[in-house]
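One structure is given below, encoded as structure tokens.
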Amino acid sequence: MDRDNNRERIQKSYDEIVFGQLQTSDTPSTYIAKSYEKLITDEFILPVSFVGGEQIESGDTVFNLNFRSDRAREMTQALMVSMDKKVAAEYPTRDRHFLIKRLDDVYFVAMNTYYKEYEGNTFMDQPDIKNTLAEVISHNELRQLHLAETEKFAHVTKFFNGDKHIVFDGEKDILVPSHKVATYDLDPNMSAEEIYMEFSKQAKDFDFVVVNFANGDMVGHTGKMDAVITAIKKLDEITKAIIEFCNKNNYELIITADHGNSDEM
Numbered sequence: 071m072d073r074d075n076n077r078e079r080i081q082k083s084y085d086e087i088v089f090g091q092l093q094t095s096d097t098p099s100t101y102i103a104k105s106y107e108k109l110i111t112d113e114f115i116l117p118v119s120f121v122g123g124e125q126i127e128s129g130d131t132v133f134n135l136n137f138r139s140d141r142a143r144e145m146t147q148a149l150m151v152s153m154d155k156k157v158a159a160e161y162p163t164r165d166r167h168f169l170i171k172r173l174d175d176v177y178f179v180a181m182n183t184y185y186k187e188y189e190g191n192t193f194m195d196q197p198d199i200k201n202t203l204a205e206v207i208s209h210n211e212l213r214q215l216h217l218a219e220t221e222k223f224a225h226v227t228k229f230f231n232g233d234k235h236i237v238f239d240g241e242k243d244i245l246v247p248s249h250k251v252a253t254y255d256l257d258p259n260m261s262a263e264e265i266y267m268e269f270s271k272q273a274k275d276f277d278f279v280v281v282n283f284a285n286g287d288m289v290g291h292t293g294k295m296d297a298v299i300t301a302i303k304k305l306d307e308i309t310k311a312i313i314e315f316c317n318k319n320n321y322e323l324i325i326t327a328d329h330g331n332s333d334e335m
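For the numbering used here, count along the sequence shown from 1 and bump the result up by 70.
Right under this line is the structure:
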């Protein structure tokens, strides 16, 4: 799975789901154990097909049971190009980035509507969450800024807005690109500095600003203590700058967090 347009990652999984290119005679548990012996842990285990297994073929029924839309979106989009002629026509081969297999008469069911353009089957309707903070701010004709880097952009837009693909009146969304690295222990500062620069440049034009820094979560996932320390030091530096900025401009500031591995470490 991926949520930052790293198409080579989706390619590897797609190739096994549809083509079965890398075959192994190992059982799933043996293949995982061998990966662990090579210090390849869960997040990085390479997609593979097991001998005797089957790939998606025309006429199949396919269930995607992921309830998180941000990481289910890209694989679903790739499969929809294979299965839906209308979608395929909208994505010329040169824009697909990898080989697509034509699949006819596949009944595909997603857990929910993973992205705005998805018109396929779903297990459940999107919950209609009303009076979100962003909606209330908009109804009061106030301006709001939603700001994050790629890894957390969905959290300050779709999720923050009641799990809806919507931009309210008076809302501006700014995406700061996440740096392209294999794992974020290689770039523990991530895009925190760039996010702060956007915040300090834009904040005065808005009545409300929501910002999400991804470092504590994404670097925490790597389990690398030195990288986590670097990440938290950077966030401490940026948080100090934001506090000083808000005090100088007489802004109210709320700092919150919900989860991560950095705090456990």
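Cβ coordinates follow ideal geometry from the N, Cα and C atoms, glycine included. Source: prediction; values computed, not measured.
- Under the DSSP assignment, residue 101 falls outside any beta strand (DSSP E), being part of the alpha helix (DSSP H) whose first and last residues are 98 to 107.
- Within 10 angstroms of the beta-carbon of residue 219 lie 16 or more other beta-carbons, which makes it buried.
- Counting along the chain, residue 225 sits inside the alpha helix (DSSP H) bounded by residues 220 to 226.
- Within the region 142 to 211, the complete alpha helix (DSSP H) segments at least 4 residues long are 155 to 160, 163 to 166 and 203 to 209, listed from N- to C-terminus.
- In the structure shown, residue 215 adopts extended strand secondary structure according to DSSP, grouped into three states.
- Membership of residue 289 in any alpha helix (DSSP H) is not indicated, and neither H nor E is assigned to it by DSSP.
- In this structure residue 88 is in contact with residue 125, their Cβ atoms being roughly 6 Å apart against a cut-off of 8 Å.
- In this structure, the CA atom of residue 110 is about 33 Å from the CA atom of residue 153.
- Shown here for residue 262: same chain residues with a beta carbon closer than 7 Å to its own, the five before and five after excluded, namely 283, 285, 304, 305 and 308 in chain order.
- Taken atom to atom, the span from the alpha-carbon of residue 235 to that of residue 247 is near 20 Å.
- C-alpha of residue 208 to C-alpha of residue 200: approximately 13 Å in a straight line.
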